[in-house]
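**Q**
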Amino acid sequence: DLLINFAFFRFIHLLGKPLKKITDNRYLFKTVILQVALTTSIVVLFIILCPIVIKILTAGRYMDSITYARIISVSTITSCIYYIINNYTIAKGYSQLSLYTTIFASVMVIIILPFIANKFHYIGGAWMASGSFVILTVINLLFLHLIFHIFSSVRDDH
């Protein structure tokens, strides 16, 4: 993700467009979509080429790991989305919300993971790697929604 983020911001810089403030929602939305699209395109390329890559890297010995590698690669997309939303949360000044999100989601994942792993074994664990970032994202968005809703109702009352 770090390499993709660097390449993305370098690409924007090379176009000569200065990075705008976070208050420009349209620009922020386009930036997020572009970053997720770049990450997704690389992951899709890996998913397509996964059998070839695994065959080359393992000399054809571990071809059964293709399914696992494909599932784990999806976690790159879900983690990208989570970290974008988490960075937005911190940039808006709600850094403690990030901590609460992590604690609450971690407890949920700890509760869910044994059931998924017992039922689906290592494939379930692989899906939980992606699912944990989905859980983090949903909880972060719910907390943000609650905060914005509470603050907007307080402002409306006064």
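Here the sequence shown is numbered in our numbering, starting from 1 and rising by one per residue. For glycine and all other residues, C-beta sits at the position ideal for the given N, C-alpha and C.
Quick one: any contact between the region 113-125 and the region 74-84, if contact means 3 or more CB pairs under 8 Å?
**A** With the cut-off at 8 Å, the region 113-125 and the region 74-84 do not touch.
**Q** Note down, in chain order, each residue of its chain lying with its Cβ closer than 7 Å to the Cβ of I54, except the 5 sequence neighbours on either side.
**A** Contacts found: Y62, M63, S65, I66, A69.
**Q** Please list the segments of the beta strand (DSSP E) lying wholly inside the region 24-104, counting only runs of 3 or more residues, in order along the chain.
**A** Taking only runs of at least 3 residues, no beta strand (DSSP E) segment lies wholly in the region 24-104.
**Q** In angstroms, rounded to a whole number, what distance separates the CA positions of G125 and P51?
**A** Approximately 21 Å between the Cα atoms of the pair.
**Q** Go ahead and label L99 buried or exposed: buried means 16 or more other beta carbons lie within 10 angstroms of its beta carbon, across all protein chains shown.
**A** L99 is exposed by the Cβ-count criterion.
**Q** Check the Cβ-Cβ distances between G131 and every residue of chain D, and say whether any is below 8 Å.
**A** Included in the structure is just one protein chain, with no chain D present.
**Q** Which value, in whole angstroms, describes the spacing of the CA atoms of K92 and A59?
**A** Distance between the alpha carbons of K92 and A59: 48 Å.
**Q** Apart from the five residues on each side of it in sequence, which residues of its chain come closer than 7 Å, Cβ to Cβ, to I72?
**A** Once the five neighbours on either side are set aside, the close Cβ partners of I72 are A126, A129.
**Q** Whose CA, out of F148, I112, T89, lies closest to the CA of T137?
**A** When each option's Cα is compared against that of T137, the closest is T89.
**Q** Whose C-beta lies closer than 7 Å to the C-beta of T40 among residues of the same chain, with five residues either side of it excluded?
**A** For T40, where only same-chain residues beyond five positions count, the Cβ hits under 7 Å are I77.
**Q** Can you tell me whether Q35 is buried or exposed, with buried defined as 16 or more other CB within 10 angstroms of its CB?
**A** With 16 or more Cβ atoms within 10 Å of its Cβ, Q35 is classed as buried.
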